[in-house]
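Everything on this sheet refers to the single structure shown next.
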Amino acid sequence: MIDAGVPLNVVNPRGDTLLIVAAYQQHPDTVAELLRRGADASVINGMGQTAISCAVFRDNEPILRLLLEADADPDLGTHSGVAIADQFGLPRMREIIESYPRG
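Read in this note's numbering, the sequence shown has 57 at position 61, and its numbers run on one by one without any break.
Written out as structure tokens, the structure is:
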């Protein structure tokens, strides 16, 4: 899609970017490629979620690590990655988030 000219950070009517959808649908290779091309991991969709929120909700450690390594902020959004980890009792996701420097 990107090679065909679709803007990297295009949003659907819900405010989801390609990165958010790829994280939610659990496609780590797509997440990695979008990040490599400069996708904005700080976009918050209409429900207050980010790509990190989706990775945490889906309990997907590889995608969460990709996003954190790209300096995505786990505290962004009303349904942030940190909030999702706490709300759904995902201590491993919280541990991973806490293991990365935030600033």
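Ideal Cβ positions, reconstructed from N, Cα and C, are used throughout, including at glycine.
Beta-carbon spacing of residue i, residue j below 8 angstroms
| i | j | result |
| --- | --- | --- |
| Arg32 | Leu4 | no |
| Pro70 | Leu62 | no |
| Cys50 | Ile16 | yes |
| Pro24 | Pro58 | yes |
| Ile48 | Gly11 | no |
CB-CB length for residue i against residue j, believed under 8 angstroms
| i | j | result |
| --- | --- | --- |
| Val39 | Thr13 | 5 angstroms |
| Leu86 | Asp67 | Not quite, the Cβ-Cβ distance comes to about 21 angstroms (not below 8 angstroms), so this is no contact. |
| Ala81 | Met89 | 4 angstroms |
Range covered by the alpha helix (DSSP H) that runs through residue i
| i | result |
| --- | --- |
| Val17 | Leu14 to Tyr20 |
| Ala51 | Ala47 to Phe53 |
| Gly44 | Unbroken run through Gly44: none, as it is neither H nor E. |
| Leu86 | Where Leu86 is concerned, there is no enclosing alpha helix (DSSP H), given that its DSSP letter is neither H nor E. |
| Ala28 | Pro24 to Arg32 |
| Arg61 | Glu57 to Glu65 |
DSSP bridge partner residues for residue i (one or two, in chain order)
| i | result |
| --- | --- |
| Val2 | Answer is none; Val2 lacks a bridge partner. |
| Val7 | Thr13 |
Cβ neighbours of residue i in the same chain (closer than 7 angstroms, five flanking residues each side left out)
| i | result |
| --- | --- |
| Ala18 | Thr26, Val27 and Leu30 |
| Ile(-2) | Leu4 and Arg33 |
Cβ-based neighbour list, residue i, same chain, cut-off 6 angstroms, excluding 5 preceding and 5 following
| i | result |
| --- | --- |
| Gly44 | Gly73, Thr74 and His75 |
| Ala35 | Leu4 and Leu15 |
| Gly42 | Arg10 and Gly11 |
Chain C contact for residue i (CB, 8 angstroms cutoff)
| i | result |
| --- | --- |
| Gly44 | Although the question refers to chain C, the structure presented lacks it and comprises just one protein chain. |
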